[in-house]
Each structure stands twice: as C-alpha cells, then as structure tokens.
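Participant:
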Amino acid sequence: DADSPNIPKASVTFTNLCKAADMIRNHVAPVAFPTETVYGLGASALSTTAVQQIFAAKNRPSDNPLIVHISSVSQLRRVLHTEVPDIYRPLIQRFWPGPLTIILPLPDAIRQEDGTEAAVISPACTPGQSTFGVRMPSHPVARSLIAITDTPIAAPSANASSRPSPTTAQHVYDDMSGRIPIILDGGACNVGLESTVVDGTVSPPAILRPGGVSLEEIRKYGGPLWKDVMTGKSEAGQDEKVRTPGMKYKHYSPKAKVVVFLGHGDGRVGEVAKYIRDLEGDLKIGVLSSRLFKFDSWDEDVKKKIYIVKELGKSGAEISRNLFAHLRDLDEAGVDLIIAEGVSEEDEGAAIMNRLRKAATEILDSHRHIMKN
Ligand code: TXA
Ligand code: MG
Numbered sequence: 029d030a031d032s033p034n035i036p037k038a039s040v041t042f043t044n045l046c047k048a049a050d051m052i053r054n055h056v057a058p059v060a061f062p063t064e065t066v067y068g069l070g071a072s073a074l075s076t077t078a079v080q081q082i083f084a085a086k087n088r089p090s091d092n093p094l095i096v097h098i099s100s101v102s103q104l105r106r107v108l109h110t111e112v113p114d115i116y117r118p119l120i121q122r123f124w125p126g127p128l129t130i131i132l133p134l135p136d137a138i139r140q141e142d143g144t145e146a147a148v149i150s151p152a153c154t155p156g157q158s159t160f161g162v163r164m165p166s167h168p169v170a171r172s173l174i175a176i177t178d179t180p181i182a183a184p185s186a187n188a189s190s191r192p193s194p195t196t197a198q199h200v201y202d203d204m205s206g207r208i209p210i211i212l213d214g215g216a217c218n219v220g221l222e223s224t225v226v227d228g229t230v231s232p233p234a235i236l237r238p239g240g241v242s243l244e245e246i247r248k249y250g251g252p253l254w255k256d257v258m259t260g261k262s263e264a265g266q267d268e269k270v271r272t273p274g275m276k277y278k279h280y281s282p283k284a285k286v287v288v289f290l291g292h293g294d295g296r297v298g299e300v301a302k303y304i305r306d307l308e309g310d311l312k313i314g315v316l317s318s319r320l321f322k323f324d325s326w327d328e329d330v331k332k333k334i335y336i337v338k339e340l341g342k343s344g345a346e347i348s349r350n351l352f353a354h355l356r357d358l359d360e361a362g363v364d365l366i367i368a369e370g371v372s373e374e375d376e377g378a379a380i381m382n383r384l385r386k387a388a389t390e391i392l393d394s395h396r397h398i399m400k401n
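What follows is the structure in structure tokens.
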C-alpha cells in the first residue's frame, strides 16, 4: 500500500502509476519501477535537481552515469534533435524494446525558432561524459510510466550502490526503504541481468557491458565489427577515467565472501568437494550451483559442511534470472562463504560470468590458480 510510509511497495494500478508519474513530473523524489532486466530508480532526465536526487538516494559515486529510458523512438528524437546514427539501426530494429542500451553524443542546449530552449538531457545524467546511454525497455509498467510522464526517465538499477541489482520489489524495499516514496511492484524481472551497453560512436564500435542481449546476437544483427571491450580479465583501476564508467566499481557484492570455480567437467567437482572438506573453522557455507555440481554424489562429510544450496538453473536464461536473487538469498541466510560454479562464456554466459567475477573475492581456475583477491 503506497499510503503506508513503512511499506512503499505499491501494486500496479492506474492510480499508483499516475501517482508515480506525478512524482517524476514534479521532481518530488525518484521512484522505483520494474523493467524486464532489473528494477530501476527513475527521475526526469531533463531535470538536474531530479537526477541529483537519484545519486543521493542510491549513494552512487557521482561519476557513474545513468541510463535514460524512453518509450518511443520519436521521444528520443525530440531530445536528440538529430537522427539516431545509422550504425544502431539494425540493433534498434531487432532489440528495442528490450535489454539494449546505446551510447549517443550528448546534445547541447538548443534554441528553437520561437526563442525558447528545447528540452535536453541534463548533463547530470552523465557526469564528465560527452555521451549518454539510452534504452527503450519492453516491460509494460516501465513503458507506461515513461509514456504517462511524457518524459525521458533517467534510471540506474534500484539497489543501494555495490549491492546486487534488484530483481523484485522486495529487493528494492530491502535496500531503499525509507529513502524513496514508492516502489511499483511488477513481480520478478524476466531477464534478471542488466542491459547490454553498446557504443557505436567510436571505431571500432564497442560492446561496453555484456547483458540481456548476447555478444553473439549483437554481431549477428549489428555486423562482425562490434568488439567486446570486456574480453580479457582487465578491470579498470579505481582512479582511472575509463570509457566504461561504472565498470570500475565493486559491484553485485553480497556480504559473504564469494569463491568462483572456473573450468568445467566432472573432475572439477571432486576438486570443489575437496576445497570444502579442507576448509577450516566453523564457516556457514552456501553453494550456488548450475550445471555440474551434483550434490547427491558428494560424500556425506562434505555435504554436512554445506549449510544451504541454491540451484541457479540449467539454461543461460534461467541462471541469468536467478543469479542476483540467489546472491541476496544467501546473504539473508547469513552465510560466511559462497562457493559458486562458473559457466562457460558463450551466449548468456558472458553476462553471467561478468557479474559473478564482480561479486567474487576469489576466482579459482582449473589449475587452482587464484586470479583475484
Ligand atoms: O538494464 C539496465 O540497464 C538497468 C535498467 C534499470 O534499465 N539499468 C542499469 O543501470 O543497470 P546501471 O545502474 O548499471 O548504470 C548504468 C551503467 C553505468 O554504470 C555504465 O556502465 C553504463 O551504464 N553507461 C551509462 N552511460 C554511459 C556512458 N555515457 N558511457 C559509457 N557507459 C555508460
Ligand atoms: Mg547498477
């Protein structure tokens, strides 16, 4: 019930949609809403004050840019004042509405023939950048909210900074309760990982963040020129100014320590069991399993040491949908250590492994080589 100050989760009714839209239009406060990827925390992208309220509510580092959400290409043209670059045409045609964010040059303020200034995206959305990211979500609640406000909505994921992105209204509530006036509850997000971010303003065109659209699909529909800048394990240092702001921050982190096992095949499973058996102390251990960990076959002494097992799923889509929710569930269960099974990096696997790497305190490859601390 939106009227209770302690429980701001609101069912998706026309009244609540209009209430949220009014808050956005009048720059009252940012509101949380569902998208097909993750929940967003939205405010008018045209207002610097409104955008700054998002950074404050999330406690977000001020140089991490927000994604602008639109409900139609004509709405985008109204703030862009030019055509969308040709390189994006096939991608937009195939993936919008959907989990794809494109990078565009940030337009300057424009004086119209009648002397007034045309609406422009506030530079506060994208601090220190000459570009901004934009996407058209497919979730009906997100689309309706944007259409009702008739305003482009700037929205990062609605988690508190450095927490896993929220895929249910309850997750948003857990992080943001008391800091925002309303959470539109659209149920669980279908994709579960954030959008793929692509930059066609540079040469060669670059995939900046793997996400809901796979790299294979980007190249299939956008052409073979697209390069994945996340390939390799390099992550930007803390004080570097990077082309992919946001990727340098610690991210998706549950409170527990996370150890990710890479390498696939049944031999690995024995190694994981041995790792758990050898752990000393009275640790509460949670396991995130996907395709290969089969606990029925594990020795009793190992099974006894495991407090809780969460199955991520068998397909890439299922694993994507469950990953953030399961990380949060393991935190709720109070585990000290999460043992996670890596997946191979094709199709949805690239985005899954990108998020798992960021959640990890340690990554063990098949030679027990520690790749991160
Ligand atoms: O699926 C999504 O993208 C969700 C939903 C709510 O739409 N949004 C989201 O926003 O995940 P978030 O919190 O990840 O932040 C946006 C990220 C930045 O951290 C950065 O990596 C990238 O998008 N980004 C945004 N604007 C950019 C720009 N101008 N240049 C490069 N990267 C940018
Ligand atoms: Mg985020």
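Under the UniProt record's numbering, the first residue of the sequence shown is numbered 29, with each subsequent residue one higher.
Virtual Cβ for every residue (Gly too), placed ideally from N, Cα, C.
1) For the putative contact between GLY215 and PHE352, defined by C-beta atoms under 8 Å, what is the C-beta separation to the nearest angstrom?
2) Is LEU104 near the ligand TXA, going by C-beta to nearest heavy atom under 8 Å?
3) Classify PRO127 as buried or exposed, calling it buried when 16 or more other Cβ atoms lie within 10 Å of its own Cβ.
4) Inspect the beta-carbon positions of PRO135 and VAL107 and report whether they are closer than 9 Å.
5) Between which two residues does the alpha helix (DSSP H) harbouring VAL101 extend?
6) Once the 5 residues before and after ASP256 are set aside, which same chain residues still bring their CB inside 6 Å of it?
7) With a threshold of 9 Å between beta-carbons, can ALA188 be considered close to chain B, or not?
8) Return helix, strand or coil for ARG319, following the three-state DSSP convention.
9) I want to check one thing, is the minimum distance from the CB of PRO184 to the heavy atoms of the ligand MG below 8 Å?
10) Secondary structure at ASP50, three-state DSSP: helix, strand or coil?
11) What's the C-alpha gap between MET51 and ASP375?
12) Between which residues of its own chain and VAL300 is the CB-CB distance below 6 Å, once the five residues before and five after are set aside?
13) Considering Cα atoms alone, identify which of LEU119, THR110, LYS338, GLY206 is closest to GLU369.
14) Grab the span of the alpha helix (DSSP H) containing VAL200 for me, first residue to last.
15) Where do the ends of the beta strand (DSSP E) carrying PRO133 lie?
16) Please tell me whether, using a cut-off of 8 Å, the distance from the CB of SER348 to the nearest non-hydrogen atom of the ligand MG is below it.
17) Please classify ALA146: is it buried, with 16 or more other beta-carbons within 10 angstroms of its beta-carbon, or exposed?
18) With respect to the alpha helix (DSSP H) encompassing VAL286, which residues constitute its N-terminal and C-terminal limits?
19) What would DSSP say about ARG305, mapped onto helix, strand or coil?
20) Look up HIS354 in the DSSP assignment and say whether it is helix, strand or coil.
21) I'd like to know whether the C-beta atoms of VAL101 and ILE131 end up nearer to each other than 9 Å.
22) Over what stretch of residues does the alpha helix (DSSP H) that includes ASP227 continue unbroken?
23) Would you call the stretch 192-205 in contact with the stretch 71-79, where contact means no fewer than 3 C-beta pairs closer than 8 Å?
24) Helix, strand or coil for GLU369, going by three-state DSSP, please let me know.
25) Just to confirm before moving on: does the CB-CB distance between ASN44 and ILE313 stay below 9 Å?
26) Take the Cβ of LYS248 as the centre, count every other Cβ of all protein chains shown within 10 Å, and call the residue buried at 16 or more, exposed below.
27) Check whether the Cβ of GLY215 sits closer than 8 Å to any heavy atom of the ligand TXA, and report yes or no.
28) So does the stretch 329-346 actually touch the stretch 356-370, counting three or more Cβ pairs closer than 8 Å?
29) Rounded to a whole number of angstroms, what is the C-alpha to C-alpha distance between LEU340 and LYS37?
30) Spell out a yes or no on whether the stretch 160-175 and the stretch 55-66 are touching, meaning 3 or more CB-CB pairs, one atom from each, closer than 8 Å.
31) Considering only residues of the stretch 109-188, which uninterrupted alpha helix (DSSP H) runs meet the minimum length of 4 residues and lie entirely inside it, listed in chain order?
32) What number of angstroms, rounded off, separates the C-alpha of ALA188 from the C-alpha of HIS55?
33) Which two residues bound the contiguous beta strand (DSSP E) that contains ALA337?
34) VAL315 and ALA387 look like a contact to me (Cβ under 8 Å); what is the Cβ gap, rounded to whole Å?
35) Evaluate ILE208 with the Cβ neighbour count: other Cβ atoms within 10 Å of its Cβ, from every protein chain shown; 16 or more gives buried, anything less gives exposed.
36) Please classify LEU243: does DSSP put it in a helix, a strand, or coil?
Facilitator: From the atom records:
1) Actually they are not in contact, since the Cβ atoms of GLY215 and PHE352 sit about 15 Å apart, beyond 8 Å.
2) Closer than 8 Å to some heavy atom of the ligand TXA: that does not describe the Cβ of LEU104.
3) With 16 or more other Cβ atoms within 10 Å, it is buried.
4) Result yes, Cβ atoms of PRO135 and VAL107 sit closer than 9 Å.
5) It spans 101-108 - the alpha helix (DSSP H) in which VAL101 sits, taken as one unbroken run.
6) A distance below 6 Å between beta-carbons, with the five flanking residues on each side excluded, links ASP256 to the following residues of its chain, in chain order: ILE235, LEU243.
7) Looking for chain B here will not work: only one protein chain is present.
8) Of the three classes helix, strand and coil, the one that applies to ARG319 here is coil, per DSSP.
9) Yes - the ligand MG has a heavy atom lying nearer than 8 Å to the Cβ of PRO184.
10) For ASP50, the secondary structure class from DSSP, reduced to helix, strand or coil, is helix.
11) Answer to the nearest angstrom: the Cα atoms are 39 Å apart.
12) Around VAL300: PHE289.
13) Of the candidates LEU119, THR110, LYS338, GLY206, the one whose C-alpha sits nearest the C-alpha of GLU369 is LYS338.
14) DSSP places VAL200 inside the alpha helix (DSSP H), whose first and last residues are 197-204.
15) It spans 128-133 - the beta strand (DSSP E) in which PRO133 sits, taken as one unbroken run.
16) For SER348, the Cβ stays outside the 8 Å cut-off from all heavy atoms of the ligand MG.
17) Classification of ALA146: exposed, given that the 10 Å Cβ count is below 16.
18) Run containing VAL286: none in the alpha helix (DSSP H); it sits in the beta strand (DSSP E), 285-289.
19) Note: ARG305 maps to helix in three-state DSSP.
20) Looking at HIS354 - three-state DSSP - the assignment turns out to be helix.
21) In this structure, VAL101 sits away from ILE131, with a CB-CB distance that is not shorter than 9 Å.
22) First-last for ASP227: 224-227, but that is the beta strand (DSSP E), not the alpha helix (DSSP H).
23) With a cut-off of 8 Å, the stretch 71-79 and the stretch 192-205 do not count as touching, because too few Cβ pairs lie within range.
24) Strand, per DSSP.
25) No, these two residues do not count as a Cβ contact at 9 Å.
26) With fewer than 16 other Cβ atoms within 10 Å, it is exposed.
27) Result no, Cβ not under 8 Å from the ligand TXA.
28) Cβ pair count under 8 Å is three or more, so yes.
29) Our two residues, LEU340 and LYS37, have alpha carbons roughly 26 Å apart in a direct line.
30) Flag = yes, the stretch 160-175 and the stretch 55-66 touch.
31) If we require 4 residues or more, the alpha helix (DSSP H) runs fully inside the stretch 109-188 come out as 117-123, 168-177.
32) Our two residues, ALA188 and HIS55, have alpha carbons roughly 20 Å apart in a direct line.
33) Strictly speaking, residue 337 in this sequence is Val, with Ala absent from that position. Per DSSP, VAL337 belongs to the beta strand (DSSP E) from 334-339.
34) In fact, because the Cβ distance is near 14 Å, the residues do not count as touching under 8 Å.
35) Buried, since its Cβ has 16 or more Cβ neighbours within 10 Å.
36) Helix.
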